[in-house]
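Remarks on the structure that follows.
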Amino acid sequence: MTKDYRETDKAHVWHPLFQHQRLEETSLAVFESAHGTTLVDSDGREYLDAYSALWNVNVGYGRQEIADAVYAQIQQLPYYPHLQINVPATVLAEQLAACLPGDLNHVYFCNSGSEANETAIKMARQYGRQTYPGENRYKIISRYRGYHGFTYGALSATGQARRRKAFEPLVPGFLHAHPPYCHRCPIGLNYPSCGTECADEIERMIHWEGPETVIAVIAEPIIGGGGVIIPPDEYLPRLRQICDDYGLLLILDEVITGFGRTGKMFACEHWDVQPDLITLAKGLTSGYIPLGACVASGEVFNAFLGASDDDKEFAQVCTYGGHPVACAAGIANLKILQEERLWENAEKVGAYLLSKLETLSDLPIVGDVRGKGLMLAVELIEADGGHLATAKTNQIVARLREEGIIVGKIGHAIEEPENIIFIAPPLILNEAEADRIFETLRQVLVQQEF
Ligand SMILES: Cc1ncc(COP(=O)(O)O)c(C=O)c1O
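Heads up: the sequence shown is residues 1 to 450, going by our numbering.
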């Protein structure tokens, strides 16, 4: 049975980020069911999913409430475009506005993180034209190692050459600054004597480009796929200040960090920073149904108001944006997150797991351990302190899978060897499961002989 599906899949399916020639010597897993933090493959083997699928199954698998909400909504109203009102989208928008910080009150729904960022980029540019008539503000600053999605605009904001180079030239008007990556500072400085030079650099870029040409800074509060890069505490407030000083919008991409992942409902709360636009996906439905959103402040939203013939409305429609079934899943998902206060569990069990993982630093192969909530990374090194070879990191990830633990790994994000393991389990993780992740990882790292 399994073999049949693998053969059929090999013949007909094109998988993302995957060299299909490898199917000569390896095969992909067939996951058939899941419950809690556990995935089950077609041979009946169970795995602890320490990566929440792709950083997104925040409430864990097998939530009957979400399934029931989706089923009921399909029966009642499966679909109607968001050119009119549907109740689940309205209710979810109200609930999001209530739990987002400050006056992020205006929700534009779409289907994915890429679309949410695409929307934010387009809103920023249109906002710029409408707010600063006579100026041509369109440039957007992001950071190297940041990831914002696969569509052309979001990819243009992305600072990962290996995701971009096959598709260049990309959209004009995107500039990249150094990431706030203190462990291996790309500017060669040390925190705190650096004075967060990586943020000052953004101010200098605005100055050199001409502030009247720049409209926004887009950033993940904690860079995810680019390496779980947690900025120093001054960094995000400083970005907010720079944006205020030059009249720019701050777009925070909370596609990974939103919905409890880092120990707060939204990561920007750690630094008390309110963006003008926030982008959401992944944990918005915990992956049960695709849904994304770009949420704007009142100030941004108001810039789009005007008479019906002056073309100030946001000029974008998305057939499945505000899909009632996806929004019904979003409501049920948010209810679980809030009733179980899962961000608190992420903070508590995340701190516990981080303290355990930090003890791995005694192993010569471990270069750095970092994390916030249940968004953690272990960076691996060769004996000379350089990046562990990609093949060796792959081998460690494969050994963990053999031992029943699924983790993530940095991929197509950096030019150096891919040496970072990601641990981002569902937010329902308990301490016994955290122990299992830690102990299995220690055992695999200790046994590694290259
Ligand atoms: C921070 C961030 N933004 C945007 C995206 C794009 O989301 P999607 O894959 O849903 O388009 C991702 C995906 O991993 C992400 O990690």
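Beta carbons: idealized from backbone N, C-alpha and C, even for Gly.
What you are looking at is a predicted structure, and each value in this text was computed from that prediction instead of being measured.
Check	Outcome
beta-carbon S286 near ligand 1 non-hydrogen atom, thresh 6 Å	no
Limits of the alpha helix (DSSP H) - the one that Y61 falls within	Looking at the DSSP string, Y61 is not in any alpha helix (DSSP H), and its letter there is neither H nor E.
V70 beta carbon less than 7 Å from that of V325	yes
When C327, E339, A377 and L374 are compared against G292, the one with the closest alpha-carbon	C327
Within 7 Å, strictly: CB atoms of H82 and G322	yes
Distance between L236 and V273 (C-alpha atoms, nearest Å)	7 Å
E344, DSSP secondary structure in three states	helix
Residues of its chain near R137, where Cβ-Cβ distance is below 7 Å and the 5 sequence neighbours each way are ignored	G128, E212, T213, V214 and I215
Closest Cα partner of P275 within the set L252, E118, P364 and L363	L252
Proximity below 7 Å, CB of G283 to CB of G258	yes
Nonlocal neighbours in the same chain, by C-beta distance under 8 Å from E209, ignoring five residues either side	K139 and L175
Alpha carbon of F304 to alpha carbon of K165, nearest angstrom	35 Å
Contact the stretch 226-244 vs the stretch 195-207: 3+ CB pairs below 8 Å	yes
Check whether Y147 and T158 have beta carbons under 7 Å apart	yes
Distance between M205 and H178 (C-alpha atoms, nearest Å)	11 Å
Residue of E402, G385 and E379 minimising C-alpha distance to T393	E379
Rounded straight-line distance, which links the Cα of D4 to that of C243	55 Å
Inside the stretch 359-395 only - beta strand (DSSP E) runs reaching at least 3 residues	366-372 and 375-380
G113 beta carbon near ligand 1 (any heavy atom closer than 6 Å)	yes
Straight-line gap, G367 to K10 (C-alpha atoms, nearest Å)	37 Å
Residues of its chain near V397, where Cβ-Cβ distance is below 7 Å and the 5 sequence neighbours each way are ignored	V407, K409 and I421
Cβ-based burial, I49 [other Cβ within 10 Å; buried from 16]	In the sequence as presented, Ile is not what sits at residue 49; that position holds Asp. Counting Cβ neighbours within 10 Å, D49 comes out buried, since at least 16 surround it.
Length of the line joining the Cα atoms of P16 and E433	29 Å
Counted within 10 angstroms of its Cβ, other Cβ atoms place G113 as buried (16 or more) or exposed	buried
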